[in-house]
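Following this note's numbering, the numbering of the sequence shown begins with 250 at its first residue and continues without gaps.
We put the beta carbon where it would ideally sit given N, CA and C, even for glycine.
Worksheet for the structure shown next.
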Amino acid sequence: MLGERTNVDKAASVGNYLNLYFGQNQGVRLGESTVASCKAHARMPEKRVKGQLKILVNRDAGKVFLDFVEEGRVVHIDVYHRPGKIDPRVIARAIFTAIDEHFLEKDPQLRYAEDERFNMVIAYASRIYITTNQGRGTLYNLLQDEVEAFAEYDEGWDHVHILAQLDREDYYLVYIIAEIVEEVILTNGIKLSKVRNIIHGNEKQAQDSYAGYLKLPWKHFKGQQARHLPEKENVNQLIIKLAEKLGGVEEIQEFMENYSTNIFKRKGIQQQKKKWGDIEHDVKQLEELGILKDTPFGKIMTGKGLKLKEFVINHKCELETEIRRNTRRLPSGGGGRFKKLGQIDRKTSKVEYTNRNKTVNNPEQNWSGDLAVPETVIQALKNSYLRGDDHLTIKKQDLHYYEKKSYVPVDICLLIDASGSMAGDKRQAACFLAEHLLLTGKEKVAVVTFQERGSNVVVPFTRKQMVLKQGLATINPAGLTPMADGIVNAVNLIKDSKVRNPMLVLITDGIPNIPLWTLDAKTDALDAAALIAKEKIRFVCIGVEAHRFYLEKLSRQAEGVVYLVDDLNKDNLINIVRMEKQTSSDNKLA
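What follows is the structure in structure tokens.
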């Protein structure tokens with residue numbers, strides 16, 4: 250075990266210790282059998298060093314195991330043991346009880362406030378993921394006896410694998426969790442395995458090696474089975490891969506300019522990361538495909554790369570069509586990891602339209618709508634013959650009319666936080682959401698950003714993809730968070746535009762820090778949110794768990810809802826907005 254009996258002081262001391270090491274991208278060994286870090290772990294070959302683990306400093310645990318975009322949000326705890334079966338439900342109950350007892354020891358007054366104490370503990374239940382060799386699941390699900398099956402490739406066959414989404418001030422819980430897990434293992438009669446040493450290094454294997462299966466016209470494989478696609482189709486597949494990361498054809502061309510021989514058109518790697526996120530993996534793949542090469546003056550395009558650039562220019566329309574088709578696809582993986590707080594009680598109005606692909610013939614029902622002349626004449630000819638009429642007669646039972654359908658149009662204004670912390674993958678996710686909404690719906694989309702000391706309408710309400718793309722290309726995250734100014738600007742845009750059932754979607758990873766009317770940025774943003782309720786605009790806030798309490802206040806002031814996400818990836822954003830659009834349709838007026 251980790252040593253002495255758990256107490257509040259010792260847990261706090263370990264929490265401070267972890268804060269220091271995790272902040273330097275390092276892992277630590279707690280006792281002899283537990284390793285904790287914010288990174289993925291790998292066992293070293295036993296022939297080299299027995300009981301040695303490697304902390305993969307370039308593989309964030311949240312990204313690797315939970316598909317997070319933002320790094321440093323998840324603590325990875327591994328408790329190693331000898332062969333033996335361990336029930337994850339037993340682990341879950343023990344962790345729940347240990348956290349509960351810790352809170353009680355820390356504040357004895359909670360003994361008389363059981364509901365409050367229970368809520369404090371249960372708040373962590375959906376943020377702790379447990380895997381053993383007998384199954385896996387969140388702590389909450391395991392407490393309900395809901396166990397997912399353990400697969401061969403899962404972590405946990407020789408250790409209890411725990412992922413805990415914790416803020417820095419909660420790192421003391423790592424000690425609580427590690428000690429109780431070791432205690433449960435020993436209680437089950439299973440010995441702990443010793444971790445003799447930990448080292449730090451990079452993961453060598455690439456995560457998505459499309460260079461391994463795309464066979465370009467100039468690429469020859471040695472001993473590999475290439476995908477059997479026409480040469481042109483393989484080039485298209487490569488462009489789609491790049492578009493998933495960069496955006497569209499214009500962005501791909503801009504990316505390629507950074508590797509031209511013209512130094513005046515080139516941007517540094519940090520500038521590229523600011524716009525597109527971590528691109529090092531894609532650069533490496535392009536090197537493997539022979540499109541980029543290293544020179545004393547940095548990476549530049551090869552002759553083959555210039556061919557690809559020419560292909561992109563000459564087939565721009567065709568490639569844009571493929572990229573649009575790819576953007577329309579709905580994300581996989583179910584509903585995602587997010588929590589909804591609040592409820593919008595606001596009715597929406599529906600729009601009726603004529604469906605000319607389907608006709609209705611119902612003599613018992615009063616007819617209204619557009620008459621389907623061809624179908625009516627054909628029906629009348631048949632019925633006239635069956636009735637024995639001497640000539641064509643059209644009666645009520647012969648009438649066909651086009652079916653009427655209705656839907657709830659929801660014009661969406663995206664209010665995007667473009668402060669410095671949103672650079673890279675989060676910016677790309679928000680931009681992808683805007684394009685996805687435009688391509689998959691019939692409604693207008695607008696985009697307002699706030700950064701530095703003000704806000705800007707980068708895309709007015711539009712149905713034109715070119716207008717949207719041009720506006721999104723101007724988003725360059727930097728500076729602070731003037732949220733109040735952004736809200737006011739978005740509300741004014743909605744008021745001045747001809748929109749139907751408007752919905753304002755705020756996407757942010759922070760809280761306001763630049764005021765608008767007073768010296769208090771947070772109060773100004775709350776006052777601005779009151780304007781949203783006054784104008785009867787549906788309001789949806791998407792933010793991170795770390796700022797839960799303020800974002801709840803903001804959404805209540807706007808009479809809207811807040812979604813707390815693990816991180817701002819495109820799948821979460823799309824699923825949340827789709828869910829809210831569906832809710833709007835369910836609340837339509839009769």
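Listed as beta-bridge partners of M752 by DSSP are I661, R787. Apart from the 5 residues on each side of it in sequence, N604 sits with its Cβ closer than 8 Å to the Cβ of Y651, E652, K653, K654 in its chain, given in chain order. Around the Cβ of F681, a 10 Å sphere holds 16 or more other Cβ atoms; the residue is buried. For N446, the uninterrupted beta strand (DSSP E) segment begins and ends at 446–450. Within the same chain, Cβ atoms closer than 6 Å to the Cβ of I448 are found at K303, the five residues on either side in sequence being excluded. With distances taken between CA atoms, K830 lies nearest to T597 out of T597, D407, K288. The beta-bridge partner set that DSSP reports for F699 consists of D666, S704. In this structure, the beta-carbon distance from G735 to V697 falls below 8 Å. Counting only runs that start and end inside the stretch 783–827, the alpha helix (DSSP H) elements of at least 4 residues fall at 797–806. Here I781 is buried: its Cβ has 16 or more other Cβ atoms, across all protein chains shown, within 10 Å. Taking a cut-off of 8 Å on C-beta distances, the stretch 519–530 touches the stretch 666–686, as three or more cross pairs fall below it. Your pair L568 and N451 does not check out as a contact, with CB atoms roughly 34 Å apart and the cut at 8 Å. With a cutoff of 8 Å on beta-carbon distance, L663 and E684 are scored as not near each other. Judged by DSSP in its simplified three-state form, P337 adopts helix. Within the DSSP secondary-structure output, G591 pairs in no beta bridge.
With a beta-carbon spacing of about 24 Å, T608 and H640 fall beyond the 8 Å limit used to define contacts. In this structure, V754 sits away from I786, with a CB-CB distance that is not shorter than 8 Å. By the 16-neighbour rule on beta-carbons within 10 angstroms, S833 is buried. Measuring C-alpha to C-alpha distances from K312 to each of I661, C287, N750 identifies C287 as the nearest. Comparing C-alpha distances from M505 to each of I540, E493, H530, K490 shows the shortest one belongs to I540.
A straight-line Cα-Cα distance of about 11 Å links Q719 and E500. In chain order, G496, C680, A683, E684, V696, V707, V708 place their CB closer than 8 Å to the CB of L721, counting only its own chain and leaving out the 5 sequence neighbours on each side. When the alpha-carbon of R595 is set against those of F788, Q275, G438, I549, the nearest one is in F788.
Using a Cβ distance threshold of 8 Å, D758 and P764 do not count as a contacting pair. Under the Cβ criterion (8 Å, minimum of three pairs), the stretch 308–327 counts as touching the stretch 812–823.
According to the DSSP assignment, A285 belongs to the beta strand (DSSP E) that extends over 283–286.
Contact annotation: A341 and I429 have beta-carbon atoms that are not nearer than 8 Å. In this structure, E432 keeps its C-beta atom at 8 Å or more from the C-beta atom of L590. Nearest neighbour of T551 by Cα position, chosen from N563, L538, I562, turns out to be L538. Spatial neighbours of Q592 in its own chain (CB-CB distance under 7 Å, excluding positions within 5 residues in sequence) are listed in chain order as V810. Under a 10 Å Cβ-count criterion, S262 is classified as exposed, with fewer than 16 other Cβ atoms of the shown protein chains found around its own Cβ. C-alpha of V396 to C-alpha of E350: approximately 25 Å in a straight line.
For D647, the three-state secondary structure derived from DSSP is helix.
Looking at the DSSP output, N604 bridges to E652. Ranked by Cα distance from H408, the options L688, Q414, F399 are led by F399. Assigned with DSSP and collapsed to three states, R278 falls in strand.
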